[in-house]
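First up is the structure itself, then whatever we jot down about it.
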Amino acid sequence: MNMELVHIGFNNVIIMNRVIAIASPQSAPTKRTIQDARNKGVLIDMTNGRRTKAVVITDSGHVLLAALTPETIVGRLQASRTYDSGRANPSLGFEHSDEADV
Numbered sequence: 274m275n276m277e278l279v280h281i282g283f284n285n286v287i288i289m290n291r292v293i294a295i296a297s298p299q300s301a302p303t304k305r306t307i308q309d310a311r312n313k314g315v316l317i318d319m320t321n322g323r324r325t326k327a328v329v330i331t332d333s334g335h336v337l338l339a340a341l342t343p344e345t346i347v348g349r350l351q352a353s354r355t356y357d358s359g360r361a362n363p364s365l366g367f368e369h370s371d372e373a374d375v
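Okay, here's the thing in structure tokens:
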């Protein structure tokens with residue numbers, strides 16, 4: 274299984290394969306989702322005290338708060354896919370050789 278990791282700021286990374294939705298935090302249903310996640314203990318705040326600009330919902334039911342906009346997160350995913358398309362192992366984000374360095 275290929276894991277697509279995307280940096281969402283402040284040294285926080287999410288696995289995009291587990292993401293169901295990325296929403297803006299302004300709507301009432303999204304605010305209720307955040308509050309429900311907080312009550313259940315599945316809310317993860319990755320904003321480092323900054324204003325929440327994106328709410329990421331995962332397939333495990335966790336809700337992540339990010340200080341980047343949904344457009345920025347998707348743009349970083351698309352940029353990483355473009356960058357990785359020519360690499361030997363795009364799922365890892367770095368090239369690996371089984372040969373020992375001599």
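Residue numbering for the sequence shown is 274 to 375, as defined by the numbering used here.
Glycine included, C-beta positions come from ideal geometry on N, C-alpha and C.
Would Val328 be called buried (16 or more neighbouring beta carbons within 10 Å of its own) or exposed?
Buried, because 16 or more other Cβ atoms sit within 10 Å of the Cβ of Val328.
Would you mind sorting Ile346 into buried or exposed? The rule is 16 or more other CB atoms within 10 Å of its CB.
Ile346 comes out buried.
Distance, Cα to Cα, Thr325 vs Asn312?
Approximately 18 Å, taken between the alpha carbons.
The beta strand (DSSP E) that contains Leu278, what's its start and end?
Boundaries of the beta strand (DSSP E) harbouring Leu278: 278 to 280, taken from the DSSP string.
Check the DSSP bridge columns for Ile330 and list the partner residues they point to.
Among the bridge pairs identified by DSSP, Ile330 is matched with Ala294, Val336.
DSSP three-state label for Leu341, please.
Here Leu341 carries a coil assignment [DSSP, helix/strand/coil].
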